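A.B. asks:
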Amino acid sequence: MKSTILSRRDLDFLLYEWLRADELTARPRFAEHSRDTFDGVLDLCEQLAERYFAPHNKRSDANEPTFDGTTVTVIPEVKEALQAFAKADLIGMGFDAELGGAQLPATVAQAGFAWISAANVSTAGYLMLTIANANLIAKFGTPEQISTWVQPMLAGRFTGTMALSETQAGSSLADIVTRAEPQPDGTYRLHGTKMWISGAEHELSDNIVNLVLAKIPGGPAGTKGISLFIVPKFLVNSDGSIGARNNVAISGLNHKMGQRGITNTVLNFDGAEGYLVGEPHRGIVYMFHMMNEARLGVGMGAVSLGYTGYLKSLEYARERPQGRLVKDPSTPQVPIIEHADVKRMLLAQKAYVEGALGLALYCARLVDTEETDLLDILTPVAKSWPSQWCLEANDLAIQVLGGYGYTREYDVEQHYRDNRLNPIHEGTNGIQSLDLLGRKVTQRGGASMAALSERIAATAAAAGDHQFAGQLDAAWQRLVGVTGAMFASGDIEAAMANSAVYLEAFGHIVIAWIWLEQVLAAAGKDGDFYDGKRQAAQYFYRYELPKTGPQLDLLASLDHTTLDMRDSWF
Numbered sequence: 001m002k003s004t005i006l007s008r009r010d011l012d013f014l015l016y017e018w019l020r021a022d023e024l025t026a027r028p029r030f031a032e033h034s035r036d037t038f039d040g041v042l043d044l045c046e047q048l049a050e051r052y053f054a055p056h057n058k059r060s061d062a063n064e065p066t067f068d069g070t071t072v073t074v075i076p077e078v079k080e081a082l083q084a085f086a087k088a089d090l091i092g093m094g095f096d097a098e099l100g101g102a103q104l105p106a107t108v109a110q111a112g113f114a115w116i117s118a119a120n121v122s123t124a125g126y127l128m129l130t131i132a133n134a135n136l137i138a139k140f141g142t143p144e145q146i147s148t149w150v151q152p153m154l155a156g157r158f159t160g161t162m163a164l165s166e167t168q169a170g171s172s173l174a175d176i177v178t179r180a181e182p183q184p185d186g187t188y189r190l191h192g193t194k195m196w197i198s199g200a201e202h203e204l205s206d207n208i209v210n211l212v213l214a215k216i217p218g219g220p221a222g223t224k225g226i227s228l229f230i231v232p233k234f235l236v237n238s239d240g241s242i243g244a245r246n247n248v249a250i251s252g253l254n255h256k257m258g259q260r261g262i263t264n265t266v267l268n269f270d271g272a273e274g275y276l277v278g279e280p281h282r283g284i285v286y287m288f289h290m291m292n293e294a295r296l297g298v299g300m301g302a303v304s305l306g307y308t309g310y311l312k313s314l315e316y317a318r319e320r321p322q323g324r325l326v327k328d329p330s331t332p333q334v335p336i337i338e339h340a341d342v343k344r345m346l347l348a349q350k351a352y353v354e355g356a357l358g359l360a361l362y363c364a365r366l367v368d369t370e371e372t373d374l375l376d377i378l379t380p381v382a383k384s385w386p387s388q389w390c391l392e393a394n395d396l397a398i399q400v401l402g403g404y405g406y407t408r409e410y411d412v413e414q415h416y417r418d419n420r421l422n423p424i425h426e427g428t429n430g431i432q433s434l435d436l437l438g439r440k441v442t443q444r445g446g447a448s449m450a451a452l453s454e455r456i457a458a459t460a461a462a463a464g465d466h467q468f469a470g471q472l473d474a475a476w477q478r479l480v481g482v483t484g485a486m487f488a489s490g491d492i493e494a495a496m497a498n499s500a501v502y503l504e505a506f507g508h509i510v511i512a513w514i515w516l517e518q519v520l521a522a523a524g525k526d527g528d529f530y531d532g533k534r535q536a537a538q539y540f541y542r543y544e545l546p547k548t549g550p551q552l553d554l555l556a557s558l559d560h561t562t563l564d565m566r567d568s569w570f
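Under full-length UniProt numbering, the first residue of the sequence shown is numbered 1, with each subsequent residue one higher.
Listed below in C-alpha cells is the structure:
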C-alpha cells in the first residue's frame, strides 16, 4: 500500500532523474557518499515518520502542551519521536564530520526531513529549530561555544530556539528593547521579554539553547545596534554537566489554531546569563543565517503538509463511491475520482505540491552547489509560495472529502490548520514580498535577477519548440520588463504597495519554470507516473500561469488604490 505521508516515487524522480543528486558525490564534501547512502537515509526517515511521528500527530493536536505555572507538560510520544530521530544520528546529517555530522548534501537531508514534517509538523518543529540553531553557532560561534552547545544539540541532548520577536515590535526588529548588560567576566545579563518563541520551554531535553537578539547599551540605533546571544535554560558547568537554572522563565503558552504540539511561549529574561555570538552589533547578520534556513524549512514544511493532504484526499476519492457519470447516469455509483470536478481539485493539488516540492529541493541543491545569487532571490519565493498554494491544496483536500473533510475524524482539517500558520511563520508573506521586490531583485547590481533570468532562459531553450517554453519565456520577459518599469517610474511607494501581487506573479512564473524542468526530465519516458507529471504541468500552464497576466498589468499601472485608502473610509 502506498504511503499517504509522502511519495517516495516522486522524491526519487526529483532527486535522481531531475536534480541528479547522486552527482553531488563528485564534490569533495560529499565524496564519502553514494546513491546507496542517500537511499538509506530516505528509507530511514520514512520508517521513523511512519513509526514514531505520524501515530501521535492527531493526539498532540488534541492534547496540546499545558503549563501549570511551574512546568510545561507535553505528551510522551513527542519525546520518544525526538529520541528516535537523535539515536538514528539524523540531527547532524548535514553537519561537518568534525562535529560528528554525516556531511550529507542539503538536497538529500531536506528530502529526508520532508517525511518527518509531513508525518508530524509540530514534533518536527523542535528538530528544525535545533538544527538551524546549531548551524548558526557552528558557523559564527567560538570553538568553546561549538563544543558546549552544538555537539549536545546534534546528539539530541539539547534543543534549540530562536528568540527574536517582542510584543511591541513584532517583525520590526529595529524596535526590540531587550537589553544585554556586559559583565566583568565577559558574559552578559539579559533583561526583557520575547514573544512567539516556539520550543522554548518543555521537559523534552536536558537543556534548551535560546539564540536571543538584544541590544548592548550604548550601541548604534536600530538594527545596527542588535547583538546575538546564547542564553540557555540551564547553565553548563566547565565539565559539560548541567548547572543551575538560568533566569529564563515563561509567563505562559500561546494557543494556536494549528501546530499545537510544539510549545509556543512568552519568554522572560530577568538578568539571564548570556554569551555573545561573534562581534557586538552584528546580531542581525548572524541571525539571518538561521532565519533564511528557517524560511526554507517553513517552505518545505508547507510543502509537506500540502502533499500529505493531497495524498489522503486522493486515497479517499478512489475509495468513496458517490454519484453517477454524466455520460451514463444509469450506471451504478462510481468512485468520486471519476467526476471531472474532483479530478480538477486533485489535479490542482498535484500541480501545487509537486511543483513546490521541486522548488524546495532545487533550493536545497543551490545550498550544496553554493550558488548564492540564485538562492537569495528564490528564498522568499520558496518560503511564501508553498505557504500560500500548498495551503490552497489543503483547502481543496477538505473539499474533496466533502462533509467528512471538516470533521476531526479525518486528517485533512488538521493539515489545513497546521499549514495556515506558515504564511506568518519566519516573516509574513508580505514581508517576503518587500524583501523580494525591495532588495533581492536589485541587489549586487541585479546579479540575482540576472542569474535567474539566465537559468529560465536555458530551460526554455532546452525545451525547444515545446508550447510551454514559449509561454514561460513570454511570462518571464513580461515580468522583467514590468520590474524595470516600476523602478524607472520613480514611484517606489506604489511599487512597494503592490509588492504582494509582485511576489505572487513572480512565484507562479518560477513554479512554471520548475514544472517545465520536470517535463524535460520526464521526456521520452512512458508510464502513468510520467503521464501524470505531464498532465500536472499542463494544468499549471493552462489554469495557473495565465493568472499572472492581469497581475502584471496591475503592477505596470502603478495602481494607487491601496495607497489612497484612508483609515476613516473603512
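Built from N, CA and C at the ideal position, the CB exists for glycine as well.
Keep in mind the model is a prediction, meaning the values are calculated, not measured.
Excluding sequence positions up to five away, which residues of its chain have a Cβ less than 6 Å from the Cβ of alanine 132?
C.D. replies: One-based indexing of the sequence shown puts residue 132 at position 132. So the qualifying residues of the chain are Met290, Glu293, Ala294.
A.B. asks: So, using beta-carbon positions, are glycine 160 and leucine 211 closer together than 8 Å?
C.D. replies: Reading the sequence shown from its first residue, position 160 is the one you call residue 160. Reading the sequence shown from its first residue, position 211 is the one you call residue 211. Result yes, Cβ atoms of glycine 160 and leucine 211 sit closer than 8 Å.
A.B. asks: Report the option in Pro321, Ala393, Gln388, Tyr307 whose CA atom is closest to the CA atom of glycine 430.
C.D. replies: Locating residue 430 in the sequence shown gives position 430, where the first residue counts as 1. Residue Gln388 is the option with its Cα nearest to glycine 430.
A.B. asks: Taking all protein chains shown into account, do 16 or more other C-beta atoms lie within 10 angstroms of the C-beta of tryptophan 115, making it buried, or fewer, making it exposed?
C.D. replies: Stepping through the sequence shown from its first residue, residue 115 is reached at position 115. With 16 or more Cβ atoms within 10 Å of its Cβ, tryptophan 115 is classed as buried.
A.B. asks: What is the rounded straight-line gap between the Cα of arginine 59 and the Cα of threonine 331?
C.D. replies: Position 59 of the sequence shown, counted from the first residue, corresponds to residue 59. Position 331 of the sequence shown, counted from the first residue, corresponds to residue 331. Answer to the nearest angstrom: the Cα atoms are 41 Å apart.
A.B. asks: Let's see if you can read the secondary structure: which residues bound the alpha helix (DSSP H) around serine 433?
C.D. replies: Within the sequence shown, residue 433 is the residue found at index 433, counting from 1. Residues 429 to 435.
A.B. asks: State buried or exposed for proline 184, treating a residue as buried only when at least 16 other CB atoms are found within 10 Å of its CB.
C.D. replies: Numbered from 1 along the sequence shown, position 184 holds the residue referred to as residue 184. Exposed, because fewer than 16 other Cβ atoms sit within 10 Å of the Cβ of proline 184.
A.B. asks: Per DSSP, methionine 162 forms a beta bridge with which residues?
C.D. replies: Here the question's residue 162 lines up with position 162 in the sequence shown. BP columns for methionine 162 point to Leu211.
A.B. asks: If you follow the alpha helix (DSSP H) that proline 386 is in, where does it begin and where does it stop?
C.D. replies: Here the question's residue 386 lines up with position 386 in the sequence shown. In this chain, the alpha helix (DSSP H) harbouring proline 386 covers 372 to 401.
A.B. asks: Please state if the CB of arginine 179 and the CB of alanine 214 are separated by a distance shorter than 8 Å.
C.D. replies: By 1-based counting over the sequence shown, the position of residue 214 is 214. By 1-based counting over the sequence shown, the position of residue 179 is 179. In this structure, arginine 179 lies closer than 8 Å to alanine 214 by Cβ.
A.B. asks: Alpha carbon to alpha carbon, how far is serine 304 from leucine 391? Give it in angstroms, no decimals.
C.D. replies: For the purposes of this step, residue 391 is identified with residue 391 of the sequence shown, where counting begins at 1. For the purposes of this step, residue 304 is identified with residue 304 of the sequence shown, where counting begins at 1. So the alpha carbons of these two residues sit roughly 10 Å apart.
A.B. asks: For the alpha helix (DSSP H) containing leucine 11, list its first residue and its last residue.
C.D. replies: Locating residue 11 in the sequence shown gives position 11, where the first residue counts as 1. Where leucine 11 is concerned, the enclosing alpha helix (DSSP H) stretches over 8 to 12.
A.B. asks: Taking histidine 425 as the reference, give the member of Gly299, Asp239, Glu64, Thr562 with the closest Cα.
C.D. replies: Indexing the sequence shown from 1 puts residue 425 at position 425. When C-alpha distances from histidine 425 are compared across Gly299, Asp239, Glu64, Thr562, the shortest belongs to Gly299.
A.B. asks: Quick one: any contact between the segment 361 to 380 and the segment 432 to 443, if contact means 3 or more CB pairs under 8 Å?
C.D. replies: By the Cβ test, the segment 361 to 380 is in contact with the segment 432 to 443, since at least three Cβ pairs between them sit closer than 8 Å.
A.B. asks: Please state whether DSSP places glutamate 273 in a helix, a strand or coil.
C.D. replies: As a first step, residue 273 must be located in the sequence shown, where it is residue number 273. DSSP places glutamate 273 in strand when its eight states are reduced to three.
A.B. asks: With three or more C-beta pairs closer than 8 Å as the rule, is the segment 408 to 427 touching the segment 248 to 267?
C.D. replies: yes
A.B. asks: Whose C-beta lies closer than 7 Å to the C-beta of glutamate 80 among residues of the same chain, with five residues either side of it excluded?
C.D. replies: In the sequence shown, the residue the question calls residue 80 occupies position 80. Counting only Cβ-Cβ distances below 7 Å, and skipping sequence neighbours, we find Tyr52.
A.B. asks: Using a threshold of 8 Å, state whether the C-beta atoms of alanine 505 and leucine 472 are closer than that.
C.D. replies: For the purposes of this step, residue 505 is taken as the residue at position 505 of the sequence shown. For the purposes of this step, residue 472 is taken as the residue at position 472 of the sequence shown. Result no, Cβ atoms of alanine 505 and leucine 472 do not sit closer than 8 Å.
A.B. asks: Three-state secondary structure (DSSP) at methionine 449?
C.D. replies: If you number the sequence shown from 1, residue 449 lands on position 449. Methionine 449 carries a helical assignment under DSSP once its states are collapsed to helix, strand and coil.
A.B. asks: My assumption, with CB atoms under 8 Å, is that glycine 309 sits in contact with valine 412. Please give the rounded CB distance.
C.D. replies: As a position in the sequence shown, residue 309 is number 309, starting the count at 1. As a position in the sequence shown, residue 412 is number 412, starting the count at 1. Contact flag correct, Cβ pair sits at about 5 Å.
A.B. asks: For tyrosine 275 and lysine 224, I'd like the C-alpha separation in whole angstroms.
C.D. replies: By 1-based counting over the sequence shown, the position of residue 275 is 275. By 1-based counting over the sequence shown, the position of residue 224 is 224. For tyrosine 275 and lysine 224, the distance between alpha carbons rounds to 19 Å.
A.B. asks: Beta-carbon separation of phenylalanine 229 and valine 248 under 8 Å?
C.D. replies: Working through the sequence shown from its first residue, we reach residue 229 at position 229. Working through the sequence shown from its first residue, we reach residue 248 at position 248. For phenylalanine 229 and valine 248, no; Cβs fall outside 8 Å.
A.B. asks: Can you check whether the CB of threonine 263 is closer than 8 Å to the CB of residue 632?
C.D. replies: Shown here, the chain extends from 1 to 570; a query on residue 632 therefore has no answer.
A.B. asks: Would you kindly work out how many angstroms separate the C-alpha atoms of arginine 29 and alanine 102, rounded to a whole number?
C.D. replies: If you number the sequence shown from 1, residue 29 lands on position 29. If you number the sequence shown from 1, residue 102 lands on position 102. Whole-angstrom Cα-Cα distance: 10 Å.
A.B. asks: Excluding the five sequence neighbours on either side, which residues of its own chain have a C-beta within less than 6 Å of the C-beta of glutamine 145, listed in chain order?
C.D. replies: Within the sequence shown, numbered from 1, the residue matching residue 145 stands at position 145. Answer for glutamine 145: Ile137, listed in chain order.
A.B. asks: Take isoleucine 514 and list the residues in its own chain whose beta-carbon comes closer than 8 Å to its own, dropping the five residues that flank it on each side.
C.D. replies: Here residue 514 refers to the residue found at position 514 when the sequence shown is read from its first residue. If we look at isoleucine 514 and ignore the five residues flanking it on each side, its Cβ neighbours are Gly355, Gly358, Leu359, Tyr362.
A.B. asks: Just to confirm, does phenylalanine 234 get its C-beta within under 7 Å of one of the non-hydrogen atoms of the ligand GTP?
C.D. replies: Absence of the ligand GTP is noted for the structure shown, with no ligands found whatsoever.
A.B. asks: For the candidate residues Ala521, Ala485, Gln432, whose alpha-carbon lies nearest to that of threonine 459?
C.D. replies: The residue given as residue 459 occupies position 459 in the sequence shown. Out of Ala521, Ala485, Gln432, Ala521 has the C-alpha closest to the C-alpha of threonine 459.
A.B. asks: Can you name the start and end residues of the beta strand (DSSP E) that serine 198 belongs to?
C.D. replies: Along the sequence shown, read from residue 1 onward, the residue named residue 198 stands at position 198. Start and end: 188 to 198.
A.B. asks: So, with DSSP's three-state summary, where would you put glutamate 181?
C.D. replies: Taking the first residue of the sequence shown as 1, we reach residue 181 at position 181. In this structure, glutamate 181 counts as strand in the three-state DSSP scheme.
A.B. asks: Nearest CA to the CA of tryptophan 196: which residue from Ser205, Ala174, Gly219, Gln168?
C.D. replies: For the purposes of this step, residue 196 is identified with residue 196 of the sequence shown, where counting begins at 1. Ranking the options by Cα distance to tryptophan 196, first place goes to Gln168.
A.B. asks: Straight-line CA distance for glutamine 535 to aspartate 368?
C.D. replies: Numbered from 1 along the sequence shown, position 535 holds the residue referred to as residue 535. Numbered from 1 along the sequence shown, position 368 holds the residue referred to as residue 368. Roughly 31 Å separates the two Cα atoms.
A.B. asks: Just the Cα atoms here: how many angstroms apart are threonine 445 and threonine 483?
C.D. replies: On the sequence shown, position 445 is the one that residue 445 refers to. On the sequence shown, position 483 is the one that residue 483 refers to. Reading the sequence as shown, one finds glycine at residue 445 and not threonine. Cα-Cα distance, rounded: 14 Å.
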